[in-house]
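Visitor:
Protein chains in written order, with this note's numbering: chain A, 419 to 533; chain C, 772 to 884.
Structure (structure tokens):
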């Protein structure tokens, strides 16, 4: 059983550019959540995807968007990058979405630096 | 006011010490309480999960939840240098749509040999 994987590991972009981050969920999981972790802070919830639909969103602007594919892998896209977007982006996969507690398994993250 | 407050530390202790990590929260709708450990340049790893008030023990770790005071704790007995990491508390609401985790800022723990 493979865990959650993310690519790339590191990324450097300039202000105004666009970026796509990728996540492969753990085998058997159908839900992917994305979090942003700024330096010295806890992760902040961006959004969650369940069966290819966004079913929950945190307090992030529309330039943060995502996709989930039929194999439950996911992408996070960020347009018009700003300096404050520099952070570790974490993907977490789980089975199911609501009603009961569903453990979220985190990947190692993608560290994005915006210059 | 943040929904979840956590002392960022760093907390430095000698090997073998008992460590107490704490979080307070303001949202009374939180029902699930978790502690994650995060090593440098790694993703968070779940240590403990609790649902109700009271204590839950797993090896050297004990998680404690006091819903009346909106306060959770993680105790680490016989701390080891390998316990040096950032410890994040996280909470979630049981709702019908989706489950999002709300994290504290994390407490950095340093255990010296």
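Beta carbons are placed, not taken as given, at the ideal position from N, Cα and C, and that holds for glycine.
With distances taken between CB atoms, is the gap from residue 448/A to residue 469/A smaller than 8 Å?
Guide: yes
Visitor: On a Cα-Cα basis, can you pick out the residue from 857/C, 833/C, 840/C, 856/C that is closest to residue 846/C?
Guide: 833/C
Visitor: Which residues of chain A have a Cβ atom closer than 8 Å to the Cβ of residue 779/C, listed in chain order?
Guide: 458
Visitor: Mind checking residue 808/C: buried by the 16 CB within 10 Å criterion, or exposed?
Guide: buried
Visitor: Quick check on residue 463/A - is its C-beta less than 8 Å from some C-beta in chain C?
Guide: yes
Visitor: Judging by CA-CA distance, which residue of 456/A, 478/A, 444/A is the nearest neighbour of residue 465/A?
Guide: In terms of Cα proximity to residue 465/A, the closest of 456/A, 478/A, 444/A is 478/A.
Visitor: Can you grab the Cα-Cα spacing for the pair residue 869/C / residue 436/A, in whole Å?
Guide: Using only the alpha carbons, I get a separation of about 27 Å.
Visitor: Return the residue from the list 473/A, 427/A, 485/A that minimises the CA-CA distance to residue 514/A.
Guide: 473/A
Visitor: Helix, strand or coil for residue 853/C, going by three-state DSSP, please let me know.
Guide: helix
Visitor: Just to confirm before moving on: does the CB-CB distance between residue 455/A and residue 506/A stay below 8 Å?
Guide: yes
Visitor: List, in order along the chain, the chain C residues whose C-beta lies closer than 8 Å to that of residue 526/A?
Guide: 812, 813, 814
Visitor: Under the three-state reduction of DSSP, which class applies to residue 778/C: helix, strand or coil?
Guide: coil
Visitor: Would you report the Cα separation of residue 779/C and residue 880/C, rounded to the nearest angstrom?
Guide: 9 Å
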